[in-house]
Each structure stands twice: as C-alpha cells, then as structure tokens.
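Asker:
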Amino acid sequence: MAGQLIVGLDVSSRARAEEIISLLGDSVDFYKIGYQCFYGADGLALGKALLAAGKKVFFDLKLLDIDNTVEKGVAAIAETGATMLTVHAYPKAMRAAQKGAEGSGLCILGVTVLTSMDDNDVKEAGYARDAAGMVALRAQQAREAGIGGVVASAHEAEMVRTIVGSKMAIVTPGIRPAGAALGDQKRAMTPADALAAGASHLVVARPIIAAPDPAAAATAILAEMDGKRVSVA
Numbered sequence: 001m002a003g004q005l006i007v008g009l010d011v012s013s014r015a016r017a018e019e020i021i022s023l024l025g026d027s028v029d030f031y032k033i034g035y036q037c038f039y040g041a042d043g044l045a046l047g048k049a050l051l052a053a054g055k056k057v058f059f060d061l062k063l064l065d066i067d068n069t070v071e072k073g074v075a076a077i078a079e080t081g082a083t084m085l086t087v088h089a090y091p092k093a094m095r096a097a098q099k100g101a102e103g104s105g106l107c108i109l110g111v112t113v114l115t116s117m118d119d120n121d122v123k124e125a126g127y128a129r130d131a132a133g134m135v136a137l138r139a140q141q142a143r144e145a146g147i148g149g150v151v152a153s154a155h156e157a158e159m160v161r162t163i164v165g166s167k168m169a170i171v172t173p174g175i176r177p178a179g180a181a182l183g184d185q186k187r188a189m190t191p192a193d194a195l196a197a198g199a200s201h202l203v204v205a206r207p208i209i210a211a212p213d214p215a216a217a218a219t220a221i222l223a224e225m226d227g228k229r230v231s232v233a
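Okay, so the sequence shown: first residue is 1 according to UniProt numbering, each after it adds one.
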C-alpha cells in the first residue's frame, strides 16, 4: 500500500518540506510537488534530491501551452527521473506531453476535473456537461492520447476505470480519512473507498502534513487503505 500513497508537500519552505520528509521516514516513498512547493520551496531541486535518495516524485504542474512548449517542458522533467507529471487533459496537450516523455519512465497524467469543482463550477466554466460527464470525456481522450493515466475524483474512479481499462493509472486527490474535515474539497472520499472504487494512487496532503504527528497520520491512512482503520491520538 505504501507505493500507492502519495504525500503532497504543499508547503512554501524547503526546510519545512525536508522536516516533513524526515518525520515520515521510511513510511512514505512517494511525494507530490505542486505549485506551492515547486515555486516557493525550490521544488525542482527538492524533487531531484528526493529522487537521488531513492524516493518517487510526482510533479503536479498541470502543463498547458502550445504543443512545442509542452513537449519540451515534459522532456525536461523526464530527464530528472520523475515518476509522474500532470498536464491538463486537453487532447493536443496530452499528445504533446506523451511525445516529450518518449523513451523515459515518466507517466503523464491528464487532469480531468479538479476535486474542488462540482457541477455548478463546471457549468460556470462554460462546459455543457456535468462534472462526471467532463471526467468521462477527458478519460476517453487520455486513453486515445496514449498517456499513462488520469487525475480524477475518487467519486468517478469506478466509471473512469471502465473507460481507461486496467493498465492506466487513476490518481485521486481529495482523499480524506474517515471523520476528517473536507476543507475546500467538494468530491472527497476515504482512502479505502477510493481504492475499492478503482483508484491506483491516492494523493494526501493536509491530513498528513498538518497533523501533529505526520508519521502516525500516514501510518493510519496506510492502515485504512489496507482496510483496517485505526485511530490516531
């Protein structure tokens, strides 16, 4: 289960990120570096250091630009040895990203619909589909583009699995342990339920990095992923 848990280093200081990594020790071997950490905590260098230490790194950068820019940006990230990288799930962007990742072990993930968005948010953005309909469309396009997986809410994981098949990754943010506050997440799910729905990897940030004891929080989530919920004092 440890390889399926990705801890989001959503902090703006490299010192704080390294403190969290040290506290988690061997209990976690996969980390997500998103905007806050990438731009505020020298996240590219931190990611390279994690990779050098034998950890896996997911750069959550949600790339979207002209084809050449996406392709070259992806190729640059691929050279770091990173495990995963996100792009927005637009067909041209996904195809360009896959081209940039050719020959590497980098898994390109297409971001379908953010877990902080619901049907009203999707409508406000100008799409004539609900959230689930948009996820289904993007998942099909991701499969056709030949990328490695998608990012989607666990609420759509079962549906997405029927679309993308058994080999593509389904990475689900918005994961909250049983009884935890949802925060700004509108389509959240517990770890065990997300895996049961078809998710391959779970991204967890605040419930771990903001916990009084991050290692204990991670251990509890791993136990919940394994179907054995435990309480953390």
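The beta-carbon is built from N, C-alpha and C at its ideal position, and this holds for glycine as well.
Looking only at its chain, what residues have a beta carbon closer than 6 Å to the beta carbon of residue 173, apart from the 5 residues adjacent to it on each side?
Answerer: 115 and 203
Asker: Could you pull out every residue in the same chain whose Cβ sits closer than 6 Å to the Cβ of residue 205, ignoring the five residues on either side in sequence?
Answerer: Excluding residues within five positions, the ones whose Cβ falls inside 6 Å are 8 and 10.
Asker: Among 145, 53 and 39, which has the Cα closest to the Cα of residue 91?
Answerer: 145
Asker: Rounded C-beta distance between residue 5 and residue 195? I'm assuming under 8 Å.
Answerer: The Cβ separation is near 10 Å, so there is no contact.
Asker: Which residues in the same chain have their Cβ closer than 8 Å to the Cβ of residue 136, if we skip the five residues on either side of it in sequence?
Answerer: 156, 159, 160 and 163
Asker: Exposed or buried, which one is residue 234 when buried takes at least 16 other CB atoms within 10 Å?
Answerer: Summary: the structure shown does not reach residue 234, with the chain confined to residues 1 through 233, and so no result is reported for it.
Asker: Mind checking which residues open and close the alpha helix (DSSP H) that includes residue 113?
Answerer: Segment: none, residue 113 is in no alpha helix (DSSP H) and carries neither H nor E.
Asker: According to the Cβ coordinates, are residue 57 and residue 83 closer than 9 Å?
Answerer: yes
Asker: Can you tell me which of the three DSSP states residue 84 falls into?
Answerer: strand
Asker: Excluding the 5 residues preceding and the 5 following residue 225 in the sequence, name in chain order all residues of the same chain whose CB lies nearer than 8 Å to its CB.
Answerer: 1, 4, 5, 191, 192, 195 and 202
Asker: What separation, rounded to the nearest whole angstrom, lies between the Cα atoms of residue 69 and residue 166?
Answerer: 31 Å
Asker: Counting only runs that start and end within the segment 108-171, where is the alpha helix (DSSP H) found for 4 or more residues in a row?
Answerer: 119-124, 131-145 and 157-164
Asker: What is the DSSP secondary structure of residue 9, counted as helix, strand or coil?
Answerer: coil
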